[in-house]
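Here the structure is laid out as structure tokens; the discussion comes afterwards.
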Amino acid sequence: MSAGAVRPDRRPNTLPGWVARQRWYQSTAQTAELALVGEWLLPPAPDGTAFVTHLLRDGSGEASTLYQVPLAYRSAPRVDAAESTLVGTVDGDVDGSASTLWVYDAPHDPAYCAALLAFMLDGGVSSESAHSSGAAAAGHRHPTASHSIFAGAHVLRGEQSNTSIIFETVDASGEPSVPVICKVFRTLHHGENPDIVVQSALAEAGCTLVPPSVGYVSGVWRAEASADSPVDSGHLAFAQRFLPGVRDAWRVALDAVEHGEDFSDRARSLGAATAEVHAVLADILPTVSAAADERAQVAASMRRRLVAAVAEVPELGVYASAVDAIIAGAESAEWPRLQRIHGDYHLGQVVAVPDRGWVLLDFEGEPLRPLAERSQPDLTLRDVAGMLRSFDYVSGSYEQAHPGESAHDWASAARAAFLEGYSDRAGVDIENFRVLLDAFEIDKALYESIYEARNRPAWLPIPVTAISRLVALS
Ligand SMILES: Nc1ncnc2c1ncn2[C@@H]1O[C@H](COP(=O)(O)OP(=O)(O)O)[C@@H](O)[C@H]1O
Ligand SMILES: O=P(O)(O)O[C@H]1O[C@H](CO)[C@@H](O[C@H]2O[C@H](CO)[C@@H](O)[C@H](O)[C@H]2O)[C@H](O)[C@H]1O
1 MSAGAVRPDR RPNTLPGWVA RQRWYQSTAQ TAELALVGEW LLPPAPDGTA FVTHLLRDGS
61 GEASTLYQVP LAYRSAPRVD AAESTLVGTV DGDVDGSAST LWVYDAPHDP AYCAALLAFM
121 LDGGVSSESA HSSGAAAAGH RHPTASHSIF AGAHVLRGEQ SNTSIIFETV DASGEPSVPV
181 ICKVFRTLHH GENPDIVVQS ALAEAGCTLV PPSVGYVSGV WRAEASADSP VDSGHLAFAQ
241 RFLPGVRDAW RVALDAVEHG EDFSDRARSL GAATAEVHAV LADILPTVSA AADERAQVAA
301 SMRRRLVAAV AEVPELGVYA SAVDAIIAGA ESAEWPRLQR IHGDYHLGQV VAVPDRGWVL
361 LDFEGEPLRP LAERSQPDLT LRDVAGMLRS FDYVSGSYEQ AHPGESAHDW ASAARAAFLE
421 GYSDRAGVDI ENFRVLLDAF EIDKALYESI YEARNRPAWL PIPVTAISRL VALS
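Here it is, written out as structure tokens:
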């Protein structure tokens with residue numbers, strides 16, 4: 001045991017309240033109701049700091065959610081840590097003597113970041129936790145990734161569904177090497193994470209519209225807290241090349257609307273990039289024809305979302321029967337083949353890379369959708385509709401910030417140019433699928449209504465207004 005070795009055997013009792021204050025927390029309850037379903041350990045830091053990643057099922061919401069909560073247990077407080085990253089204190093032991101331990105949100109602790117990067121690049125295997133939880137994790141380096149060495153890290157600002165850590169690295173001779181961004185998944189699901197599968201497949205196929213993959217962490221855990229629970233498995237973290245100096249397309253578009261700049265050229269090239277990624281995905285991953293069964297499944301999923309949205313946002317109730325009819329129309333329309341897609345496509349998922357153009361990120365799919373559904377071949381029109389919604393969000397947020405002004409023409413021009421760029425590259429006029437496209441736009445706006453009601457109620461009118469408009473048009 002190294003000098004100062006920390007042995008944590010409990011979680012701070014402040015943890016449920018702390019979890020409930022995080023952006024990735026999905027329930028509306030003030031306090032999470034957490035049950036431990038697993039723990040996995042990274043090797044301790046040279047000063048003895050212990051890193052325990054707790055896998056906690058929260059039962060406070062309607063559906064239970066499994067959160068990944070990596071905590072760093074230190075024998076002394078960190079002088080340079082932000083107060084919000086201190087989760088609490090616990091009794092524990094240091095070198096065999098009873099002692100207070102300070103417990104931090106580990107991604108904000110550089111010592112944890114160093115351990116995580118090495119774990120991934122060296123192909124580490126987690127050691128057993130104090131609770132013999134049965135959970136385990138393994139690191140995997142992508143075959144094309146270099147063996148970079150940790151040189152510093154910080155958490156990306158504006159955390160949302162996940163926590164992303166940016167690493168500076170050096171090579172064996174100490175020269176700066178490629179920076180890496182590692183997304184620590186906060187919500188875990190049984191099964192492969194499409195973010196890793198889809199993006200890595202695209203990069204391996206030589207597609208430069210996504211960043212190259214660096215590595216990932218996979219794991220196993222009990223599905224439920226009970227000792228006889230079945231075991232689940234899935235992905236815990238994903239690392240890829242960090243592209244410095246990028247601006248996300250949402251910021252770029254907001255700047256454009258603020259300055260009254262037309263966005264058509266950029267929207268057209270974004271449409272072409274989107275169609276290119278879809279074409280590569282159709283080449284490298286399985287596609288299936290949209291038979292009656294598949295169409296019925298998609299329609300059923302849309303109807304489930306309609307019911308969920310009306311339950312959470314009752315003002316949507318007046319549109320329910322009209323939306324139902326639009327879904328029925330879409331189900332009986334002509335469908336293209338189904339294939340892997342982005343799945344949660346919006347301007348925040350695309351970055352403008354200097355001297356390179358648009359690059360697509362975050363193929364995880366909609367975080368509120370079951371993982372099994374997100375890994376199924378789907379309609380490319382879902383992505384197209386997602387981006388159309390995003391242009392509407394740009395004008396909606398602008399109009400909220402500038403009462404009395406309209407950005408409607410800006411959004412219409414961007415939407416039309418995006419569709420043009422997409423159709424040109426795909427060699428298919430997207431207008432041929434208008435019925436389907438409208439249904440997917442409404443479906444996305446229903447999803448957004450739930451998302452906004454839970455996270456940003458002030459923005460709820462943006463998707464709700466869109467639903468009323470789309471229903472009137474159809
Ligand atoms: N490879 C990358 N290079 C540069 N910036 C990135 C990269 N990956 C992610 N980012 C930045 O992080 C933000 C969030 O990443 P994303 O994959 O969308 O995570 P989340 O699932 O948490 O939304 C992006 O909008 C972008 O600004
Ligand atoms: O966290 P993710 O990026 O996976 O996506 C979630 O959060 C998004 C908000 O950032 C949300 O997107 C919605 O708001 C955007 C503006 O902030 C807008 O551009 C999108 O069109 C709109 O859907 C996304 O839906 C949600 O899954």
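Letter by letter, the sequence shown follows residues 1 to 474 in full-length UniProt numbering. Note that beta-carbon positions come from the ideal geometry of N, C-alpha and C, so glycine has one too. As the structure is a computational prediction, the values presented were derived from the model and not from experiment.
Residues near residue i in its chain [Cβ-Cβ closer than 6 Å; skip 5 each side]
{"i": "residue 250", "result": "347, 348"}
{"i": "residue 171", "result": "177"}
{"i": "residue 267", "result": "414, 417, 418"}
{"i": "residue 48", "result": "2, 4, 5, 6"}
{"i": "residue 31", "result": "16, 17, 20"}
{"i": "residue 329", "result": "435"}
{"i": "residue 252", "result": "352"}
{"i": "residue 459", "result": "452"}
{"i": "residue 138", "result": "125, 218"}
{"i": "residue 233", "result": "220"}
Residues of its chain near residue i, where Cβ-Cβ distance is below 7 Å and the 5 sequence neighbours each way are ignored
{"i": "residue 323", "result": "306, 442, 471"}
{"i": "residue 246", "result": "351, 352, 353"}
{"i": "residue 308", "result": "450"}
{"i": "residue 284", "result": "201, 205"}
{"i": "residue 320", "result": "306, 310"}
{"i": "residue 101", "result": "6, 8, 73, 74, 75, 89, 90, 92"}
{"i": "residue 363", "result": "194, 195, 198, 199, 342, 343"}
beta-carbon residue i near ligand 1 non-hydrogen atom, thresh 8 Å
{"i": "residue 181", "result": "yes"}
{"i": "residue 192", "result": "no"}
{"i": "residue 188", "result": "no"}
{"i": "residue 400", "result": "no"}
{"i": "residue 195", "result": "yes"}
{"i": "residue 248", "result": "yes"}
{"i": "residue 348", "result": "yes"}
Buried/exposed call for residue i, threshold 16 Cβ in 10 Å
{"i": "residue 27", "result": "buried"}
{"i": "residue 193", "result": "buried"}
{"i": "residue 457", "result": "exposed"}
{"i": "residue 184", "result": "buried"}
{"i": "residue 1", "result": "Confidence at residue 1 is low in this model, with a pLDDT of 47, below 50, so the placement of that residue should be treated as unreliable; the coordinate-derived value is given next. The residue is exposed, with fewer than 16 neighbouring Cβ atoms inside 10 Å."}
{"i": "residue 432", "result": "exposed"}
{"i": "residue 174", "result": "exposed"}
{"i": "residue 105", "result": "buried"}
{"i": "residue 230", "result": "exposed"}
{"i": "residue 128", "result": "exposed"}
{"i": "residue 13", "result": "exposed"}
{"i": "residue 164", "result": "buried"}
{"i": "residue 199", "result": "buried"}
{"i": "residue 44", "result": "buried"}
{"i": "residue 360", "result": "buried"}
{"i": "residue 157", "result": "exposed"}
Cross-strand partners of residue i (DSSP beta bridge)
{"i": "residue 180", "result": "167, 241"}
{"i": "residue 70", "result": "53"}
{"i": "residue 352", "result": "247, 358"}
{"i": "residue 216", "result": "140, 238"}
{"i": "residue 150", "result": "169"}
{"i": "residue 459", "result": "Answer is none; residue 459 lacks a bridge partner."}
{"i": "residue 339", "result": "378"}
{"i": "residue 102", "result": "74, 89"}
{"i": "residue 475", "result": "The requested residue 475 does not occur in the structure, where the chain is confined to residues 1 to 474."}
{"i": "residue 287", "result": "For residue 287, which the question treats as bridged, DSSP gives no partner whatsoever."}
{"i": "residue 19", "result": "DSSP lists no partner for residue 19."}
{"i": "residue 233", "result": "220"}
{"i": "residue 40", "result": "53"}
Heavy atom of ligand 4 within 8 Å of residue i beta-carbon
{"i": "residue 394", "result": "Absence of ligand 4 from the depicted structure is noted, with ligand 1 and ligand 2 being the only ligands included."}
Beta-carbon proximity list for residue i, same chain, < 8 Å, skipping 5 on both sides
{"i": "residue 279", "result": "425, 426"}
{"i": "residue 225", "result": "35, 36, 37, 57"}
{"i": "residue 131", "result": "9, 36, 39"}
{"i": "residue 462", "result": "392, 393, 396, 397, 400, 448, 452"}
{"i": "residue 140", "result": "120, 123, 215, 216, 217, 218"}
{"i": "residue 269", "result": "357, 358, 421"}
{"i": "residue 254", "result": "394, 397, 398"}
Residue i Cβ short of 8 Å to ligand 2 heavy atom set
{"i": "residue 344", "result": "yes"}
{"i": "residue 271", "result": "no"}
{"i": "residue 362", "result": "yes"}
{"i": "residue 152", "result": "no"}
{"i": "residue 44", "result": "no"}
{"i": "residue 160", "result": "yes"}
{"i": "residue 447", "result": "yes"}
{"i": "residue 397", "result": "yes"}
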